[in-house]
Structures are given as structure tokens and as C-alpha cells.
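A short write-up of the structure that comes next.
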Amino acid sequence: MTGLREKLRAALVVARRDFVAVVFSKTFIFFLIGPAFPVVVGGLAGNIGAKVQQNVERPTIGLAMSASDSQRMLAARDELEGRMAGGIPQLIVLQDVGSGEDFDAKAALADGNRQVTAVVGGTLDAPTLTAPAERARQWVGLVSNLAARARAPSPTAYPDVRVQEVTTSLAKVKTGQIYTAQAAQVLLFLLTMLLAGMVLSNLVEEKGNKIIEVLAAAIPMDAMFMGKLFAMLAVSLVGIAVWGTVIGAILLMGAKSLPAVSTPAVGWPLFLILGFLYFAMAYLLMGSLFLSIGGMAATVREVQTLSMPVSMFQLMIFFFSSYALTIPGTWVEWLSIGFPVSSPYAMLARAAKEPEVWPHLAALGWQVLWVIVIVRAGAQLFRRNVMKSGPARGKSSVSLLAKLFRRREDNAY
Amino acid sequence: MKIELGEWPVGGNVSDLTGVELAIEARGLVKRFDGFTAVDGVDISVPKGSIFGILGPNGAGKTTTLRMLLGIIDPDEGYRRVLGAERPTDVARRIGYLPEERGLYPAMKAYEAIGFLAALRGVPLKEGRRKGRELLEEHGLGYAADRQIRQMSKGMAQTVQLLGTLVHQPDLVVFDEPFSGLDALNQGKLERMIRALAARGTTVIFSTHVIAHAERLCDRIAIIAGGKVPFAGPVDLARDRLRPQVRLETRDQDGPWRAALPADARHEGAFWYFTLPETGVEPLLRALIEGNAGILSLSIERAGLHDAFVAIAGEAAARALEESEGEAR
Chain G
1 MTGLREKLRA ALVVARRDFV AVVFSKTFIF FLIGPAFPVV VGGLAGNIGA KVQQNVERPT
61 IGLAMSASDS QRMLAARDEL EGRMAGGIPQ LIVLQDVGSG EDFDAKAALA DGNRQVTAVV
121 GGTLDAPTLT APAERARQWV GLVSNLAARA RAPSPTAYPD VRVQEVTTSL AKVKTGQIYT
181 AQAAQVLLFL LTMLLAGMVL SNLVEEKGNK IIEVLAAAIP MDAMFMGKLF AMLAVSLVGI
241 AVWGTVIGAI LLMGAKSLPA VSTPAVGWPL FLILGFLYFA MAYLLMGSLF LSIGGMAATV
301 REVQTLSMPV SMFQLMIFFF SSYALTIPGT WVEWLSIGFP VSSPYAMLAR AAKEPEVWPH
361 LAALGWQVLW VIVIVRAGAQ LFRRNVMKSG PARGKSSVSL LAKLFRRRED NAY
Chain E
1001 MKIELGEWPV GGNVSDLTGV ELAIEARGLV KRFDGFTAVD GVDISVPKGS IFGILGPNGA
1061 GKTTTLRMLL GIIDPDEGYR RVLGAERPTD VARRIGYLPE ERGLYPAMKA YEAIGFLAAL
1121 RGVPLKEGRR KGRELLEEHG LGYAADRQIR QMSKGMAQTV QLLGTLVHQP DLVVFDEPFS
1181 GLDALNQGKL ERMIRALAAR GTTVIFSTHV IAHAERLCDR IAIIAGGKVP FAGPVDLARD
1241 RLRPQVRLET RDQDGPWRAA LPADARHEGA FWYFTLPETG VEPLLRALIE GNAGILSLSI
1301 ERAGLHDAFV AIAGEAAARA LEESEGEAR
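Line by line, the protein sequences are chains G and E.
With the first letter of the first sequence counted as 1, position 99 gets the number 99 in our numbering; the numbers rise by one all the way through.
Quick note: to get our numbering, add 1000 to the position in the second sequence (first position is 1).
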């Protein structure tokens, strides 16, 4: 217990020094405006997001017509598919509705098992479209076209569609939640990338200042690692507080053009708490990994060179998690949940989509375990490999890796 | 010049420390890096309150040995006990360490840097900073207490780090090549500081490749070469490993007295140089007088540490040491 207390005390000394050094440095302003740049990049990468969105959303229109009308509508859809830019929503038969029979379209939209975005009822001559306002506007022409083609292969007249608007649909809620999950993942990635990069820079500073041996002699290495990680976490909280204040001020000033975000499945309060916890875990996992790899590098230049493959790794983790979001329930999603460094991304997305809370407790425990494992392993490797003196008798794998990348960089004129 | 070794065994360590309280005790320390054995079975015993020097050329294994003693790295084999603890990190608060590659955070002010180093060793930050100001005043740097390290000269920054090493009043101070990079004035200051520390009862251990520092300061030394310690013990004992050298001046150049001189005695100018025979001074004097040598002068000098180093560590190690000294200059 004394050992643990001593480690925490030592970590706090290092964390305090690093925190003050970063926050009171002139370059901290760049950290604060840094997120503005990825937002621009994010905008440029919107096409990718849109594609992902299309794959995820798969809007479906339910049919509640007579059996023959439904079949003709389905045939008309198949005939039209491929001819219309942007594709046509899926059609599924919700129920065969006999003459004079009623069908509660609103209830169907609210039914979680059906997952339809709109319902087409009535007859081919007088179809009805029940949908949220936005979808109704988007699909009223399509429904008229389908009904006309269902009536005759070469239609000359198009029936009027009676629109019944509903406030929302379960599918829309789900779609919105996926948006929320994506937004949360992007935010998590950007924050983590910024901070993990700063941890590496911090290590460069230590090596440049040659103070690392003083630290290593005075305190346990894992305390030093934890101190550095905690410092950057605290720095990020300052950043989040500043960014939150700015965004809040913009909202208060009436800039309502910011995109609306759907309420996550676990509710906003819990989602925000989980968001913070997963951010902390994502950062601690990635940061400790960066610190371990960076700590093994022998020179400042090696540390700087290593930041490239490490950033690429981070990007791959993000894309992996984003991809897993698009194929829920598959082994890919489970892998992204189980793999320690992608787990926070996957679980935050899950918090947006699924209401269960207990999996988050398990996931957080799993992630904490890996933070400890990586920090301890990193500290051990650091002690074993870094504090060598005298002439270099051999090259560590990290050195060789760094050399490889450096050579490529050197050759790239 | 041929140097004869005395009767003491080369390679073993002198076991004259029975009953002496030790600050550091290390046995059979081995450290390998990537298949290269940097330290190969080092034995060191450092009595409490003594000044102990680790003497050897660059690359001999001095820094690696110190790092193992401090717990920065663990030995692959062997045993160490520092201030009574088998894990040196357990007593880190009682140790001060000045590494060879010195460095501080450039943006820190002088008193903050000392406070930070104190905090690492368990002193509350506020108290450490207060002590930092006091120490800077004591050492004539009070005017620079609020100056950032980056605004200081190299010598001033080194003094700040040295004060940071001592601010928590450690029981054991470890210096790795403390004199390198210092001008003669500051080397003298540091020597005085080391003596003052020892006078207070603090154990001081330092590595050096400059024999003169070890000879002037140390109670005991360990000679390290090629990762091994061929000698560890009192400085005097190292010097006594060589028989004293005799310089003789006689009135007559030849005569029966010549039989009293060893066969390898050298004649240079008016003087004869030779190693004092094992029989001692009295039989030699008697033979010279009875042989009518007409002694004009006779001096018997103890061997210097440099000669002892050559004899103990070998010519190659001595040459490497001289090269190290040359690089340092």
C-alpha cells in the first residue's frame, strides 16, 4: 500500500510539472485551436461518412396494401431500381390489408421490430404515405411513380399521394443514434490523436533535456509513465472546458445551424459520463502505447520518426471501429469491442445505439486492466532497453524500425 | 619501466571491512546488453561516510555499475544492498544522483528546478522551493533564483542541478563523472563540496576517469576495466601494491656496492632507479655503506595511483584511461 501511495505521489509530481509546463506554454494556444483543423478535414472526408451512412441506414418503406397491390408495388420497385440515381429504398410487406380493413401505420413506425421509415397504404389509385415530414417530402414522388408503374408498365398518369406526417419513426431514431455514435467516435479520435501526439512530444522533451535519467533514478518508471499520462489527461480537460465554453457561447449567440444530434440510447447524462470515461481510456491506452514505444527509442530523432507509424496505427484503429459500427452484431464488432485500443470507440458507439449499461462496466474494467498492463510492460521495457551506456553494441527493433522509416524519409526529396 | 607487484593478490577485493557499516554492498553484478557483457561480476563495498571512487576508462562499465546500484536498471546476475535495502528504489528518497548527462527543464526557474528535484525525492514542493532559494543564496546564486534555466550559463545550470541533487540532504550521493565539463575553479569547488559532504557523514560515490581526482578525494576506490573490478579497496592499498621506487645518487660509479642493486636497476644521468628489494631498506643501506658507495642522496617514493592503475588494470586499460582523460580535456 505504501508502494502504491509512493507511486501515486511520484506520478503526481511528474503530472503537475508536465501540466504546468504545457498549459502555461505559448504553444498551448495551438492545442486549443488544433481541433479546428481536423473539423475542416472531417468536412472534406464527409463523402466517406455519407457512404458509411448509406450502408448503415438502408431506409425501408413498409407496405400495408392488398396482397396484389403489394406484389405489384414490389415488381415496380424492382423494375425501377438501377434507373434512379441514388437508389430506391427497400420495400417490405408489413401486412396484407383487405378491403375495408384498417391498418395503424403510426403504430408500425413506432414498432421497434419492424424498423421501417415510412408506410405506404391505401390503393394503387389512392396511395397514402405515412412518414416523418422530411421523408414524406423526399418520397412522395417516388410512391406516386411506383403506384403508377404498378398500375401500368408505361404510365401516363400519376396518382396523388395522401401524406400523413408523423413526428418521428423508430428507424429515424436509430439513424440519429448512429449519427450520434459516429460523431462521438470522431470526437474521441480527434482528442486522442491530439493528446497522444503531445505525449510523444513530451517524451522528446525529456530526452532532449536529458532529465529522464534523473527521473528514472528518483521514482519508479511506471509512476513516471502514469504521471505523464495523467498530465496530458488534465491538459485535455482544460481543452475540453475551453472548447465547451466556446461552443456553448456560439449556441447562446443563436448560431442554431449546428447539426442536431439524436439522443443516445443510454440518455445524454450517462452518455456524457461514458464519453468522458471512454475518452480517458482511449487516451490512456493509446498514450501508454505511444509512451512505451517512444520510450524505447534511443534518440530524439527516433521518437519523432516513430510518430508517423504510430499515428497511422491510430488512424487504422479509428477506421476499424467506424467500420465495425456499420456491421453491428458481427464478429468484427465483437473484435472491435474486445481489442483494447479500439474498445473505447466501439463501446461509445454502442452507448449511442443500445440502452444496456452493464456492458460498459465490463468494458471499462477490461480497458483499465490493459492500461495497467501496457504501462507496466512499457516501464519494464524502458528500464531494460533505454538506460544503456557506452558504445552501441546492438540495435533494438525500435531503432531498426525508426531507421527504416528515416531512410525512406531521407530518400523522399 | 618494469613495475613489480607486491605480495597482495591482484583480482580479489580486499576484505578489510569486517564489522564496518556499509552504505553499498554489491556482489557479482552482471549486466548484458544485446549479448555484450557491459559489467561482468563486479564486487563493491562502500563504507558509510566514505568517499568512494570508481576509476576506469570510458566504456569500462562505470555508468552501468552506478545505474545498477541506483536501481535504474536491474542486474542480470548478482546481489546489491544499498542503504540496507535490496531494492535501491525503496530508499530513493535517501539518495542523491547526478548523472553524467546533466539536464534540467529549460523553462523552469532555478529555485523551481531545485524544488522539483526535491519533490521527486519526497520533499513537499513548497518546502523544496524554499530550500532551493536558500541553497542558491548560500552558493552565491541568490540573484539568479528567479532566472529560467535557459537563461543561465552552463556552469550555473550545473550548479543548480548539483544543488537539486543535494537539497533533500541524502545519506548517499552518487555522482557520475561529476568533474567532466567543469572548469578548474568549479572542479575545486566540487572537490570541497564532496569533502564537506563526507565530513557530515554522507557517503559519496563517484565515477571518474581522471586519476588525480580519485587520488585527492577518495578513501577507497574500485578500478574497473572491461566490465571487471580487478581491485577495490583503500587508495593507499592500491598504491602499496607496487613496491616503492628508489632513487640513488653515489659518489663512485662502480664498486662492490653495485651487488646490492637489483639486476634491472636503471642508470640515468647521476641517478640509479630501481624497485626497493623485498628485503627492505635496512639491508640495502647496509650493503651500500659497506660497499663504499659514497651515498650522495637516496629517496624512497611510494608508487602513484597511476602506476598502481597500470599495474592492476594493465597497460591497455591505462592507455584507454589516458585517452579518456585526453578526450575530457
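Quick reminder that beta carbons are idealized off the backbone N, C-alpha and C, glycines included.
Source: prediction; values computed, not measured.
Rounded straight-line distance, which links the Cα of residue j to that of residue i
i	j	result
L109/G	A75/G	23 Å
G1006/E	G1304/E	Note that G1006/E has pLDDT 41, beneath the 50 cutoff, so the model's placement of it is unreliable and the number below is only indicative. C-alpha separation (whole angstroms): 14 Å.
G1056/E	P1178/E	14 Å
I414/G	V116/G	The structure shown has nothing for residue 414/G, since chain G only spans 1 to 413.
V375/G	P340/G	13 Å
M1156/E	G1059/E	28 Å
V13/G	A1119/E	7 Å
T175/G	L191/G	24 Å
E1134/E	P1124/E	15 Å
A183/G	Y278/G	14 Å
R406/G	T1065/E	With a pLDDT of 46 at R406/G, under the threshold of 50, the modelled position of that residue is not reliable, and the figure given next carries that caveat. R406/G and T1065/E: Cα-Cα distance of roughly 33 Å.
Y179/G	I1095/E	56 Å
D78/G	K106/G	26 Å
A392/G	D1034/E	Annotation note: pLDDT 40 at A392/G (below 50); position unreliable, no value reported.
A362/G	G34/G	33 Å
L1172/E	V1082/E	9 Å
Q1187/E	A1212/E	12 Å
M308/G	V186/G	20 Å
P1170/E	R1093/E	7 Å
Y1143/E	E1112/E	14 Å
A67/G	Q138/G	25 Å
K7/G	G227/G	9 Å
Partners in chain G for residue i, counting only beta-carbon separations shorter than 8 Å
i	result
E1101/E	K210, E213
A1092/E	A217, A218, I219
L1117/E	V214, A218
Per-residue contacts from residue i into chain E (C-beta, under 7 Å)
i	result
I29/G	The premise fails here: I29/G is roughly 16 Å from chain E at the closest Cβ pair, so nothing lies under 7 Å.
A216/G	I1072
V368/G	What V368/G touches in chain E: nothing, since even the nearest Cβ is about 24 Å away.
R301/G	What R301/G touches in chain E: nothing, since even the nearest Cβ is about 17 Å away.
R17/G	F1116
Residue i: CB within 6 Å of a non-hydrogen atom of the ligand ZN
i	result
A223/G	For the ligand ZN, the structure offers nothing, since it holds no ligand at all.
Segment limits, alpha helix (DSSP H) that includes residue i
i	result
L284/G	268-296
V119/G	Per DSSP, V119/G belongs to no alpha helix (DSSP H); it is in the beta strand (DSSP E), 118-122.
G1188/E	1184-1199
I88/G	No alpha helix (DSSP H) holds I88/G; DSSP gives it neither H nor E.
E333/G	331-338
E1137/E	1125-1138
R1216/E	1211-1217
F28/G	28-33
G1053/E	Here G1053/E belongs to no alpha helix (DSSP H); instead the beta strand (DSSP E) covers 1051-1055.
F230/G	221-252
G1255/E	Neither: G1255/E is in no alpha helix (DSSP H) and is coded neither H nor E.
I1289/E	1281-1290
Per DSSP, cross-strand counterpart(s) of residue i
i	result
I1024/E	V1046/E, V1082/E
E165/G	A131/G
L1172/E	I1095/E, T1203/E
W1272/E	L1248/E, H1267/E
P1234/E	R1220/E
Neighbouring residues, chain E, relative to residue i (Cβ below 9 Å)
i	result
V199/G	Ordered by position in chain E, no residue passes the 9 Å Cβ test against V199/G, which lies about 16 Å from the chain.
A21/G	Y1105, A1107, M1108
Start and end residues, beta strand (DSSP E) containing residue i
i	result
A1303/E	From DSSP, A1303/E is part of no beta strand (DSSP E); its letter is neither H nor E.
T1063/E	Here T1063/E belongs to no beta strand (DSSP E); instead the alpha helix (DSSP H) covers 1062-1070.
T60/G	60-63
Proximal chain G residues relative to residue i, where beta-carbon distance stays under 7 Å
i	result
A1225/E	Within 7 Å Cβ-Cβ: nothing; A1225/E doesn't reach chain G, min ~13 Å.
R1121/E	A218
T1089/E	P220
Under 9 Å from the C-beta of residue i: neighbouring residues of chain B
i	result
A377/G	In the structure shown, chain B cannot be found, because the protein chains are G and E.
Within chain E, partners of residue i - CB distance below 8 Å
i	result
R383/G	I1072, I1073, D1074
A10/G	L1120
Would the segment 291-308 of chain G and the segment 263-278 of chain G be scored as touching if the rule is three or more Cβ pairs under 8 Å? In short, these stretches do not touch, since the Cβ pair count stays below three.
Can you confirm whether the segment 142-152 of chain G touches the segment 77-94 of chain G when touching is taken to mean that 3 or more C-beta pairs between the two stretches lie within less than 8 Å? Between the segment 77-94 of chain G and the segment 142-152 of chain G there are three or more C-beta pairs closer than 8 Å, enough to call the two in contact.
Three-pair Cβ contact test at 8 Å for the segment 1202-1211 of chain E versus the segment 1237-1247 of chain E: Contact fails: fewer than three Cβ-Cβ distances are below 8 Å.
Does the segment 1137-1151 of chain E come close enough to the segment 1107-1121 of chain E to have 3 or more Cβ pairs within less than 8 Å? Yes, the segment 1137-1151 of chain E is in contact with the segment 1107-1121 of chain E.
If contact is defined by three or more beta carbon pairs under 8 Å, each pair taking one atom from either stretch, is the segment 1215-1228 of chain E in contact with the segment 1269-1278 of chain E? No, they do not touch.
Is the segment 226-237 of chain G touching the segment 1084-1094 of chain E, taking contact as three or more C-beta pairs under 8 Å? Flag = no, the segment 226-237 of chain G and the segment 1084-1094 of chain E do not touch.
Say whether the segment 1016-1034 of chain E touches the segment 1043-1052 of chain E, bearing in mind that this needs 3 or more beta-carbon pairs closer than 8 Å, one atom from each stretch. Touching, yes.
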